[in-house]
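J.:
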Amino acid sequence: MAVLESAPPQRMLMESAPVYQPYAPPAASVLPAPISDDAEVRRYDRYPNESDADYIARMKQVYRTSAAELERVGTEHLQRMQQLAPH
Numbered sequence: 168m169a170v171l172e173s174a175p176p177q178r179m180l181m182e183s184a185p186v187y188q189p190y191a192p193p194a195a196s197v198l199p200a201p202i203s204d205d206a207e208v209r210r211y212d213r214y215p216n217e218s219d220a221d222y223i224a225r226m227k228q229v230y231r232t233s234a235a236e237l238e239r240v241g242t243e244h245l246q247r248m249q250q251l252a253p254h
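Per our numbering, the sequence shown runs over residues 168 to 254.
1) Within a Cβ cutoff of 7 Å, which residues of the same chain sit near residue 227, ignoring the five residues on either side of it in sequence?
2) Residue 188 by DSSP, collapsed to three states: which one?
3) Residue 238 by DSSP, collapsed to three states: which one?
4) My guess is that residue 229 and residue 214 are in contact by the Cβ rule of under 8 Å, so how many angstroms apart are they, rounded?
5) Would residue 217 and residue 225 qualify as a contact pair, given that the criterion is a beta-carbon distance under 9 Å?
Listed below in structure tokens is the structure:
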């Protein structure tokens, strides 16, 4: 009986729980925010009555533009990370 009475009450565990802190993203992120723009995503869709050759030609241009943009953004982020790195 003495063992049960000397046990600490369960409420002590509840009081020591950490206070909720909302998530704050890091100040500098390596990756850009994901694309959520519908117009940006729609450019990959095939148009009605578009021929195979037209679709392939348009996709080649879209992918060239996307690759150039990815290269530019990647270079910018690399430079930013190099500036933030300790020297």
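All C-beta atoms, glycine included, are put in the ideal place defined by N, C-alpha and C.
T.: Looking at the coordinates:
1) Numbered from its first residue, the sequence shown carries residue 227 at position 60. If we look at residue 227 and ignore the five residues flanking it on each side, it has no Cβ neighbours.
2) Indexing the sequence shown from 1 puts residue 188 at position 21. Coil, per DSSP.
3) What you label residue 238 is simply residue 71 of the sequence shown in a count that begins at 1. Three-state result, residue 238: helix.
4) In the sequence shown, the residue the question calls residue 229 occupies position 62. In the sequence shown, the residue the question calls residue 214 occupies position 47. Not really, about 12 Å apart at Cβ, beyond 8 Å.
5) In the sequence shown, the residue the question calls residue 217 occupies position 50. In the sequence shown, the residue the question calls residue 225 occupies position 58. Contact: yes.
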